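Enquirer: Here the protein sequences come in this chain order: D and F. Position in the first sequence (first residue = 1) + 3 = our numbering. Position in the second sequence (first residue = 1) + 3 = our numbering.
2 protein chains.
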Amino acid sequence: MNDQQALIVKMILDSWNAHIGRTHKLFEALSDEQLQKEVSPGRNTGVYLLGHLAAVHDAMLPLLGLGERLYPQLEEVFIKNPDKSGLQKPTVKELRSYWSTVNEALAKQFAQLAPAEWLQKHTAVSEEAFKNEPHRNRLNVMLSRTSHLAGHHNQLIFLQ
Amino acid sequence: MNDQQALIVKMILDSWNAHIGRTHKLFEALSDEQLQKEVSPGRNTGVYLLGHLAAVHDAMLPLLGLGERLYPQLEEVFIKNPDKSGLQKPTVKELRSYWSTVNEALAKQFAQLAPAEWLQKHTAVSEEAFKNEPHRNRLNVMLSRTSHLAGHHNQLIFLQ
Numbered sequence: 004m005n006d007q008q009a010l011i012v013k014m015i016l017d018s019w020n021a022h023i024g025r026t027h028k029l030f031e032a033l034s035d036e037q038l039q040k041e042v043s044p045g046r047n048t049g050v051y052l053l054g055h056l057a058a059v060h061d062a063m064l065p066l067l068g069l070g071e072r073l074y075p076q077l078e079e080v081f082i083k084n085p086d087k088s089g090l091q092k093p094t095v096k097e098l099r100s101y102w103s104t105v106n107e108a109l110a111k112q113f114a115q116l117a118p119a120e121w122l123q124k125h126t127a128v129s130e131e132a133f134k135n136e137p138h139r140n141r142l143n144v145m146l147s148r149t150s151h152l153a154g155h156h157n158q159l160i161f162l163q
Numbered sequence: 004m005n006d007q008q009a010l011i012v013k014m015i016l017d018s019w020n021a022h023i024g025r026t027h028k029l030f031e032a033l034s035d036e037q038l039q040k041e042v043s044p045g046r047n048t049g050v051y052l053l054g055h056l057a058a059v060h061d062a063m064l065p066l067l068g069l070g071e072r073l074y075p076q077l078e079e080v081f082i083k084n085p086d087k088s089g090l091q092k093p094t095v096k097e098l099r100s101y102w103s104t105v106n107e108a109l110a111k112q113f114a115q116l117a118p119a120e121w122l123q124k125h126t127a128v129s130e131e132a133f134k135n136e137p138h139r140n141r142l143n144v145m146l147s148r149t150s151h152l153a154g155h156h157n158q159l160i161f162l163q
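#1: With respect to the alpha helix (DSSP H) encompassing His-55 (chain D), which residues constitute its N-terminal and C-terminal limits?
#2: So what's Lys-92 (chain F) in DSSP terms, helix, strand or just coil?
#3: Along chain D, which residues have their Cβ under 9 Å away from the Cβ of Met-63 (chain F)?
#4: Any Cβ of chain F within less than 8 Å of the Cβ of Arg-46 (chain D)?
#5: Counting only C-beta atoms, is Thr-126 (chain F) closer than 8 Å to chain D at any point?
#6: CB-CB under 7 Å to Leu-98 (chain D), same chain, minus the five flanking residues each way: which ones, in chain order?
#7: For Gln-8 (chain F), report the span of its alpha helix (DSSP H) as first-last.
#8: Determine which residues of the region 127–156 of chain F have a Cβ less than 9 Å from any Cβ of chain D, and write them out in chain order.
#9: Measuring straight from C-alpha to C-alpha, what distance separates Met-145 (chain F) and Ala-117 (chain F)?
#10: Closest to His-60 (chain D) by CA distance: which of D:Asn-20, D:Met-14, D:Gln-37 is it?
#11: Can you look up Lys-124 (chain F) in the DSSP assignment and give me helix, strand or coil?
#12: Return the residues of the region 9–22 of chain D that lie within a Cβ-Cβ distance of less than 8 Å from chain B, sorted by chain order.
#13: For the alpha helix (DSSP H) containing Gly-154 (chain F), name the first residue and the last one.
#14: Val-105 (chain F) CB to nearest chain D CB: under 8 Å?
#15: Using only CA atoms, which one of F:Leu-38, F:Leu-29, F:Ala-9, F:His-155 lies nearest to Lys-96 (chain F)?
#16: Among the residues of its own chain, which have a CB less than 8 Å from the CB of Leu-73 (chain D), if the five just before and after it don't count?
#17: Tell me which residue opens and which closes the alpha helix (DSSP H) that Leu-77 (chain F) is part of.
#18: Along chain D, in chain order, which residues have C-beta atoms closer than 7 Å to that of Phe-161 (chain F)?
#19: What residues from the region 81–111 of chain F come within 7 Å of chain D, judged by C-beta to C-beta, listed N to C?
#20: Would you decide whether Arg-148 (chain F) is buried or exposed? Buried here means 16 or more other CB atoms lie within 10 Å of its CB.
#21: What separation, rounded to the nearest whole angstrom, lies between the Cα atoms of Leu-122 (chain F) and Asn-5 (chain D)?
#22: Which of the three DSSP states, helix, strand or coil, is assigned to Glu-131 (chain F)?
#23: Answer with buried or exposed for Leu-16 (chain D), where buried requires no fewer than 16 other C-beta atoms within 10 angstroms of its C-beta.
#24: Step through the CB atoms of chain D and report whether any lies within less than 8 Å of the CB of Leu-122 (chain F).
#25: So with CB distances below 7 Å, who are the chain D contacts of Gln-158 (chain F)?
#26: Could you tell me the alpha carbon to alpha carbon distance between Ser-129 (chain F) and Pro-137 (chain F), rounded to whole angstroms?
#27: On the CB-based measure, 16 or more other CB atoms within 10 Å of its CB, does Lys-124 (chain F) come out buried or exposed?
Okay, structure coming up:
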């Protein structure tokens with residue numbers, strides 16, 4: 004991997020970090036009461052989106068081949084089911100803690116990856132398929148999850 | 004520029020194209036009447052976001068050093084001023100046309116850029132500053148504008 008390649012990898016990681024940072028700041032600025040509200044009438048609550056983002060980011064650990072999920076129980080409530088599923092949710096305090104812990108765990112793992120390792124396959128693609136689809140790598144997961152985060156951030160600002 | 008670098012450039016452009024595609028599909032699915040509504044109470048209307056995205060994407064032409072803006076008049080209404088500025092807006096029909104034309108103009112320019120040219124500086128940074136900040140390149144504009152688009156897309160879905 005040459006310098007230019009390492010530069011592009013850094014740009015993508017910097018973009019992820021910037022979006023994590025501004026969304027974290029937004030969650031800190033929102034009270035528990037504000038998070039209970041829907042971002043638009045009939046849409047997801049802030050609490051659901053907080054749990055959803057924690058769950059999706061938690062699932063990045065195994066998807067990127069960087070470890071097991073820390074809170075596998077979040078998937079059922081915040082990924083497989085919608086906000087008004089009737090399933091019991093953790094408290095807002097717990098969800099805030101999960102969100103922070105998961106992002107810190109990711110940051111710790113990312114710091115240990117060499118630039119070239121970002122072009123290795125993610126775990127949802129087989130070795131066989133990866134030969135013909137080299138874009139199905141860790142870096143592509145970062146592009147996709149950064150857009151996902153940006154999308155939900157811009158919904159959460161409506162709670163302010 | 005080697006193959007791996009060209010692959011990452013392609014991944015970033017594919018991500019942009021995917022977001023343009025799904026947002027275009029959404030605008031086509033929304034009626035003029037739906038676009039007149041606010042995405043959340045007191046927030047931007049669909050019409051404003053349509054004009055805003057057309058204006059921001061139009062400004063990418065000079066920012067990327069790929070030509071002049073096609074509709075410079077959009078900046079005042081849709082970038083410098085908020086939705087309820089009282090400034091006269093083009094019709095929804097006109098805005099739909101601007102949105103499509105601008106994205107087609109970008110696509111046409113992008114098709115002519117070699118992978119290595121994406122790492123060249125954008126026009127908002129000086130040659131001098133670029134020496135120390137090589138991340139201020141065209142590709143970084145694409146990362147930033149893709150997240151911007153993803154953010155507004157997720158607000159526009161509330162109009163459905």
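All C-beta atoms, glycine included, are put in the ideal place defined by N, C-alpha and C. Note that the structure is a prediction, hence the values are computed from the model and not measured.
Expert: Reading from the atomic positions:
#1: The residue given as residue 55 (chain D) occupies position 52 in the first sequence. Taken as a continuous stretch (DSSP letters only), the alpha helix (DSSP H) holding His-55 (chain D) covers 49–61.
#2: Within the second sequence, the letter at position 89 stands for residue 92 (chain F). In this structure, Lys-92 (chain F) counts as coil in the three-state DSSP scheme.
#3: Here residue 63 (chain F) corresponds to residue number 60 of the second sequence, with the count starting at 1. What Met-63 (chain F) touches in chain D: nothing, since even the nearest Cβ is about 17 Å away.
#4: Within the first sequence, residue 46 (chain D) is the residue found at index 43, counting from 1. Output row for Arg-46 (chain D): interface = yes.
#5: In the second sequence, counting from the first residue as 1, residue 126 (chain F) sits at position 123. For Thr-126 (chain F), the answer is no, since every Cβ of chain D falls outside 8 Å of its Cβ.
#6: By one-based count along the first sequence, residue 98 (chain D) stands at place 95. Same-chain partners within the cutoff: Val-50, Leu-53, Gly-54, Ala-57.
#7: By 1-based counting over the second sequence, the position of residue 8 (chain F) is 5. Start and end: 6–32.
#8: Pro-137, His-138, Asn-140, Leu-142, Asn-143, Leu-146, Ser-147, Thr-149, Ser-150, His-151, Leu-152, Ala-153, Gly-154, His-155, His-156
#9: On the second sequence, position 142 is the one that residue 145 (chain F) refers to. On the second sequence, position 114 is the one that residue 117 (chain F) refers to. The straight-line gap from Cα to Cα measures roughly 15 Å.
#10: In the first sequence, residue 60 (chain D) corresponds to position 57, counting from 1. Nearest of D:Asn-20, D:Met-14, D:Gln-37 to His-60 (chain D), Cα basis: D:Asn-20.
#11: Against the second sequence, residue 124 (chain F) aligns to sequence position 121. Looking at Lys-124 (chain F) - three-state DSSP - the assignment turns out to be strand.
#12: Absent here is chain B; the protein component of the structure consists of chains D and F.
#13: Along the second sequence, one-based indexing puts residue 154 (chain F) at 151. Unbroken alpha helix (DSSP H) run through Gly-154 (chain F): 141–159.
#14: Taking the first residue of the second sequence as 1, we reach residue 105 (chain F) at position 102. With 8 Å as the cut-off, Val-105 (chain F) does not count as an interface residue toward chain D.
#15: Numbered from its first residue, the second sequence carries residue 96 (chain F) at position 93. Checking every option, the nearest Cα to that of Lys-96 (chain F) belongs to F:Leu-38.
#16: Locating residue 73 (chain D) in the first sequence gives position 70, counting from the first residue. Correct list, in chain order: Asp-61, Leu-64, Tyr-101, Thr-104, Val-105, Ala-108.
#17: The residue labelled residue 77 (chain F) in the question sits at position 74 within the second sequence. That run of the alpha helix (DSSP H) goes 77–81.
#18: Reading the second sequence from its first residue, position 158 is the one you call residue 161 (chain F). Those are Ser-43, Arg-46, listed as they occur along chain D.
#19: none
#20: Position 145 of the second sequence, counted from the start, is the residue given in the question as residue 148 (chain F). It is buried - the Cβ of Arg-148 (chain F) has at least 16 other Cβ atoms within 10 Å.
#21: Locating residue 122 (chain F) in the second sequence gives position 119, where the first residue counts as 1. Locating residue 5 (chain D) in the first sequence gives position 2, where the first residue counts as 1. Distance between the alpha carbons of Leu-122 (chain F) and Asn-5 (chain D): 13 Å.
#22: Taking the second sequence and counting its residues from 1, one reaches residue 131 (chain F) at position 128. Three-state result, Glu-131 (chain F): helix.
#23: Here residue 16 (chain D) corresponds to residue number 13 of the first sequence, with the count starting at 1. Classification for Leu-16 (chain D): buried.
#24: The residue given as residue 122 (chain F) occupies position 119 in the second sequence. Leu-122 (chain F) counts as touching chain D.
#25: Translated into positions along the second sequence, residue 158 (chain F) becomes position 155. Those within 7 Å of Gln-158 (chain F) in chain D are Asn-157, Gln-158.
#26: Stepping through the second sequence from its first residue, residue 129 (chain F) is reached at position 126. Stepping through the second sequence from its first residue, residue 137 (chain F) is reached at position 134. Rounded to the nearest angstrom, the two C-alpha atoms are 11 Å apart.
#27: Locating residue 124 (chain F) in the second sequence gives position 121, where the first residue counts as 1. Classification of Lys-124 (chain F): buried, given that the 10 Å Cβ count is 16 or more.
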